[in-house]
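What follows is a set of notes on a single structure, which appears directly below.
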Amino acid sequence: MKLSFRWYGANDPVSLDKIRQIPVVKGIVSAIYDLPPGEPWPFDKVQALKKEVEEKGFSLVAIESIPVAEEIKLGSPSRDRYIDAFCESVRSVGENGIPVVCYNFMPVFDWMRTNLSFRLEDGSYALSYDHDELAKIDLSSGAQGLPGWSAAYSAGELRYLLDAYREISEEDLWVNLKYFLERVVPVAEEVGVKMAIHPDDPPWPIFGLPRVIKDEAALERLVKLVDSPSNGIALCSGSLGADPKNDIPAMVRRFGGLGRIHFAHVRNVKILGERRFCETAHPSCAGSLDIYGIIKAYHDVSFNGPLRPDHGRMIWGEEGKPGYGLCDRALGAMYIAGLWEAISKSHTSKCKST
Ligand SMILES: [Mn+2]
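Residue numbering for the sequence shown is 8 to 361, as defined by our numbering.
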């Protein structure tokens, strides 16, 4: 397991200098942020990013994410042009020796919460979601009412996309995902990149938009869609874990055992009711997920890819990008590192004693 941290580039208030003071974090997960979506990433730009990360003593272990254009998800006639651009970006990543590309296939909104500063009992703040609250949000005149998305689309763009997806069923989305992967995976194989799909967050349909990467059956279907080691998963415990039917340690064992988990996001959530949850601190006791059981499962399948603490709370008065402050993610990293060391050492001592 390579313990890693997400870094949003030169404009991230959580700088590489701060991240390097978290013990044991050696990997950085980042992306190119200053190109419009759909534009291919040139080799030189990826190389410059890698150099910036390596100069601070880290290695660039994964790209999160290369955006997938809506035209690809919709299966529009213009999709091939966008797929070509995506492939070119994958090529630039692989030729720079970066092993993992994370992406997602969620229409229009690639994450959704109804509150970005939900107050937890200890006075810290976290992201939360309430499906009934979401249902009250009217998108007919734009995304102003949506936390985190108000500036992402004009009213016209949003209306166009929501209308276009009305024609797309979940089966259509699977067909479009297969079409995309059949073209991207051979390029990924050629340049040594592992593709890692991030599950839907939260793992159910929102605003009538189709969503497909929601549970174990979907992951099973995904890995068979194009049967290649380069076609894998970014297993996000918090995204899938928002649905209590999803058994995350079992998924880690199943897909990690197949060698198809290429990237791991570890985060805890507290289920508050039917399709209602808040994010919490990482330890198992803070939320509904057994984080020890999840880390143990990664250890048992000898997971050796990048693993990062996912969203953190806002604590100690820190302000910043919701979910991506320094302090609580650093606590999460240390908790994960502690679990990993304890599991490794108890495993070694058991082996010695037998
Ligand atoms: Mn995640």
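Backbone N, C-alpha and C fix where the C-beta goes; we use that ideal spot for every residue, glycine too.
*For ligand 1, enumerate in chain order all residues having a CB closer than 5 Å to any of its heavy atoms.*
Per the Cβ criterion, the list is C243, H272 and D317.
*Going by C-alpha distance, which of G294, A257 and D117 is nearest D307?*
Here residue 307 refers to the residue found at position 300 of the sequence shown. Considering only alpha carbons, the answer is A257.
*How long is the line joining the alpha carbons of K364 and D137, rounded to whole angstroms?*
No statement about residue 364 is possible, as the shown extent of the chain runs from 8 to 361 and does not include it.
*Check whether the Cβ atoms of T287 and K303 sit closer than 7 Å, and answer yes or no.*
Locating residue 287 in the sequence shown gives position 280, where the first residue counts as 1. Locating residue 303 in the sequence shown gives position 296, where the first residue counts as 1. No, Cβ-Cβ distance for T287 and K303 is not below 7 Å.
_What does the Cβ neighbour count give for K9, buried or exposed, with the cut at 16 atoms within 10 Å?_
As a working mapping, residue 9 is identified with position 2 in the sequence shown. Using a 10 angstroms sphere on the CB of K9, the tally of other CB atoms reaches 16 or more, which defines it as buried.
*Might you give, ordered along the chain, the residues of its own chain that have their beta carbon closer than 6 Å to the beta carbon of I29, omitting 5 neighbours on each side?*
Position 22 of the sequence shown, counting from 1, holds the residue named residue 29. Answer for I29: A337 and A340, listed in chain order.
_Pair within 7 Å by beta-carbon distance, V191 and C109_ = Mapped onto the sequence shown, residue 191 falls at position 184. Mapped onto the sequence shown, residue 109 falls at position 102. No, they are not a contact pair.
_Buried or exposed by the 16-neighbour rule on C-beta atoms within 10 Å, applied to K221_ = In the sequence shown, residue 221 corresponds to position 214, counting from 1. That one is buried.
*asked:* If I measure Cβ to Cβ from A76 and keep anything under 7 Å in the same chain, skipping five residues before and after, which residues do I get?
replied: For this step, residue 76 is matched to residue 69 along the sequence shown. Cβ neighbours of A76 within its own chain (closer than 7 Å, five residues either side excluded): P44, G45 and Y89.
*Is W323 buried or exposed, if buried means 16 or more other CB atoms sit within 10 Å of its CB?*
Position 316 of the sequence shown, counted from the start, is the residue given in the question as residue 323. Exposed: under 16 other Cβ atoms inside 10 Å.
_Please report the distance separating the alpha-carbon of F12 from that of D234._
Position 5 of the sequence shown, counted from the start, is the residue given in the question as residue 12. Position 227 of the sequence shown, counted from the start, is the residue given in the question as residue 234. Their backbone Cα atoms lie some 29 Å apart in a straight line.
_Which of the three DSSP states is assigned to H272 in this structure?_
For the purposes of this step, residue 272 is taken as residue 265 along the sequence shown, with counting starting at 1. Here H272 sits in strand by DSSP.
*Buried or exposed: where does N311 fall if 16 or more other Cβ atoms within 10 Å of its Cβ makes it buried?*
Indexing the sequence shown from 1 puts residue 311 at position 304. Taking all protein chains in view, the Cβ of N311 is surrounded by fewer than 16 other Cβ atoms within 10 Å, so the residue is classified as exposed.
*Buried or exposed: which applies to E62, given that a residue is buried once 16 or more other Cβ atoms fall within 10 Å of its Cβ?*
On the sequence shown, position 55 is the one that residue 62 refers to. Counting Cβ neighbours within 10 Å, E62 comes out exposed, since fewer than 16 surround it.
*Alpha carbon to alpha carbon, what distance is there between K185 and R320?*
Here residue 320 corresponds to residue number 313 of the sequence shown, with the count starting at 1. Here residue 185 corresponds to residue number 178 of the sequence shown, with the count starting at 1. So the two alpha carbons sit approximately 36 Å from each other.
*Any idea if A159 is buried or exposed, counting beta-carbon neighbours within 10 angstroms, 16 or more meaning buried?*
Here residue 159 is taken as the residue at index 152 of the sequence shown, counted from 1. A159 sits exposed, since fewer than 16 C-beta atoms from the chains shown fall within 10 Å of its C-beta.
*asked:* My assumption, with CB atoms under 8 Å, is that V273 sits in contact with I240. Please give the rounded CB distance.
replied: For the purposes of this step, residue 273 is taken as residue 266 along the sequence shown, with counting starting at 1. For the purposes of this step, residue 240 is taken as residue 233 along the sequence shown, with counting starting at 1. Actually they do not touch by this definition, with Cβ atoms about 14 Å apart.
*L23 and F65 look like a contact to me (Cβ under 8 Å); what is the Cβ gap, rounded to whole Å?*
Against the sequence shown, residue 23 aligns to sequence position 16. Against the sequence shown, residue 65 aligns to sequence position 58. The beta-carbon distance between L23 and F65, rounded to whole angstroms, is 7 Å. This is short enough to meet the 8 Å contact definition.
_Run of the alpha helix (DSSP H) containing D51, from where it starts to where it stops_ = On the sequence shown, position 44 is the one that residue 51 refers to. Unbroken alpha helix (DSSP H) run through D51: F50 to E61.
_CB contact flag (C243, P209, <7 Å)_ = In the sequence shown, counting from the first residue as 1, residue 243 sits at position 236. In the sequence shown, counting from the first residue as 1, residue 209 sits at position 202. No, these two residues do not count as a Cβ contact at 7 Å.
*What whole-angstrom Cβ distance do D250 and W211 have, given they're in contact under 8 Å?*
Here the question's residue 250 lines up with position 243 in the sequence shown. Here the question's residue 211 lines up with position 204 in the sequence shown. Taking the Cβ atoms as the reference, D250 lies roughly 7 Å from W211, within the contact range of under 8 Å.
*So who's on the other strand from N238, going by DSSP bridges?*
Here residue 238 is taken as the residue at index 231 of the sequence shown, counted from 1. For N238, which the question treats as bridged, DSSP gives the partners M202.
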